[in-house]
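Take a look at the structure below.
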Amino acid sequence: MNRINENERYKIGNKIAWITIIINIILSFLKVIVGIIGNSTAILADGIHTISDVISSLGIVIGFFISKKPADKEHPYGHEKAETIAGFVLSIFLTFVGLRIGYMSIKMIITNNIETPKSIAIWVAAMSIVIKEIQFRIAIYGGKKINSDALIADAWHHRSDALSSIGALIGIIGARMGYKILDPIAGIVVSFIIVKVGIELFIKGYNELMDMCIEDEKIDMLYEEIMSRDNIRSISQIKARKHGSKVFFEVKVCVDSNMTVAKGHDIAEEVERIIYGTIKDTKDVIVHINPCIDSKCKKCDNKL
């Protein structure tokens with residue numbers, strides 16, 4: 013299994029974040045200017061949304077910088093949770109942006125304050141859709157490659173901006189065809205999508221901050237791998253908790269009570285090798301060797 017070291021991981025994440033920041037600064041400036049001169053409230057709001065992308069990406073850069081710091085006296089388990097915190101904060105920010113877009117759209121319908129935009133707004137909205145979708149695909153690929161929830165959250169922020177631009181494009185075209193209400197209606201639909209993604213990322217970040225276990229499928233796979241080894245009679249416990257992009261394990265296995273300390277130590281090291289070789293981004297493993305008193309003991313089947 014290919015593994016990426018921390019320096020390479022930081023370089024990949026940082027590079028993607030900075031490319032995103034530069035593109036979004038240019039794109040947001042263009043949208044705001046066109047929104048003003050093109051008489052398009054939708055593009056202006058979309059430009060403000062893109063500015064929020066710049067802020068969120070800067071948060072990702074800070075998160076990567078902190079998370080790559082080695083463990084120290086005050087933080088003996090490392091700083092990887094900085095990425096989780098960045099993703100968690102970003103999810104709140106993303107939800108707020110979605111609610112804000114929905115509020116602005118509803119307000120436009122109530123006040124009937126909808127103006128006909130100029131044709132230049134159509135081209136800017138279409139260009140924004142393409143650019144933001146490309147950014148989404150780059151960020152989601154990079155986030156999965158380096159196992160970064162913060163970068164994945166930022167990717168969905170790009171996708172939300174692409175959806176926002178689609179809504180703006182529909183609204184602009186509809187407004188120019190005489191159906192001005194299509195603009196705010198599209199904005200409401202987009203806001204629901206953005207809020208949904210924001211809430212999902214919020215729940216994910218919350219669970220990781222609360223030391224959520226890894227997926228059951230991975231635990232079951234480890235269980236089978238460990239139990240397939242000789243001299244291990246049972247597994248009384250497998251605990252795993254996410255720590256940002258890393259995973260910590262605590263495993264309790266039962267062996268013959270007459271086994272020597274040296275042999276027990278060898279088994280513990282073998283269990284460690286299994287976990288490190290099976291689960292990507294494992295940072296630390298603690299193995300407890302317990303005597304199995306009952307000679308008929310097969311397996312305790314307690315994974316919690």
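Residue numbers for the sequence shown follow the working numbering, beginning at 13 and rising by one. Where a beta carbon is used, it is the ideal one built from N, C-alpha and C, also for glycine. Predicted, not measured: the structure shown is a model, and the values here were computed from it.
Between the C-alpha atoms of Glu220 and Lys254, what's the straight-line distance to the nearest angstrom?
Cα to Cα, the separation comes out at about 6 Å.
Could you tell me the distance, in whole angstroms, from the CA atom of Ala280 to the CA atom of His300?
Cα-Cα distance, rounded: 7 Å.
Under the three-state DSSP convention, the category Thr32 falls into
Correct three-state label for Thr32: helix.
Have a look at Cys309 and Ser269 and give me their C-alpha separation to the nearest angstrom.
In this prediction, Cys309 scores a pLDDT of 48, lower than 50, which makes its location untrustworthy; the coordinate-derived value is nonetheless stated afterwards. Using only the alpha carbons, I get a separation of about 12 Å.
Alpha helix (DSSP H) containing Lys230: first to last residue?
Annotation: the continuous alpha helix (DSSP H) that includes Lys230 extends over 228–239.
Measuring CA to CA, which of Glu236, Arg245, Val209, Lys251 is closest to Cys365?
What is shown of the chain runs 13 to 316, which leaves residue 365 out entirely.
Residue environment, Glu86, which counts as buried when at least 16 other CB atoms sit within 10 Å
By the C-beta density criterion, Glu86 is exposed, having fewer than 16 other C-beta atoms within 10 angstroms.
Does DSSP classify Asn314 as helix, strand or coil?
For Asn314, the pLDDT reaches just 41, beneath the cut-off of 50, and the residue's location in the model is therefore unreliable, leaving the point undetermined.
By Cβ distance below 6 Å, which residues in the same chain neighbour Gly50 in space, the five residues on each side in sequence not counted?
Only Pro129, Lys130, Ile132, Ala133 meet the Cβ criterion.
I want to see whether chain B comes within less than 9 Å of Val265, judged by CB atoms only; does it?
No chain B is part of this structure, which consists of one protein chain only.
If you compare alpha carbons, which of Ile37, Glu20, Ser52, Val101 is closest to Lys10?
Outside the modelled stretch of the chain, which goes from 13 to 316, sits residue 10, for which no answer is possible.
Tell me the residue span of the beta strand (DSSP E) that contains Arg112.
Where Arg112 is concerned, there is no enclosing beta strand (DSSP E), although the alpha helix (DSSP H) it sits in stretches over 93–123.
For Phe204, which residues from the same chain have a beta carbon less than 8 Å from its beta carbon, with the 5 sequence-adjacent residues on both sides left out?
Gly110, Gly114.
Can you grab the Cα-Cα spacing for the pair Lys292 / Ser176, in whole Å?
Roughly 35 Å separates the two Cα atoms.
Nearest-angstrom Cα separation, counted from Ala83 out to Lys157:
Taking the straight line joining both Cα atoms gives about 23 Å.
Quick check: the Cα distance between Thr62 and Pro88, rounded to an integer number of angstroms?
Between Thr62 and Pro88, the C-alpha separation is close to 38 Å.
Compute the distance between the beta-carbons of Lys81 and Gly90, then report whether it is under 9 Å.
Cβ distance < 9 Å, so Lys81 and Gly90 count as in contact.
For a test of the three-state rule: what should DSSP assign to Ala137, helix, strand or coil?
Here DSSP, grouped into helix, strand and coil, assigns Ala137 to helix.
Per DSSP, what kind of secondary structure is Asn19 in: helix, strand or coil?
Three-state DSSP puts Asn19 in a helix.
For Ala83, three-class secondary structure by DSSP
In the structure shown, Ala83 sits in coil (DSSP, three-state: anything other than H, G, I, E or B).
Indicate the three-state DSSP secondary structure (helix, strand or coil) for Ser40 in the structure shown.
Looking at Ser40 - three-state DSSP - the assignment turns out to be helix.
Since Leu106 and Ile206 should fall inside the 8 Å C-beta cutoff, what is the C-beta to C-beta distance between them, to a whole number of angstroms?
Leu106 to Ile206, Cβ: 6 Å. Contact.
Straight-line CA distance for Arg188 to Val201?
A direct Cα-Cα distance of roughly 20 Å separates Arg188 from Val201.
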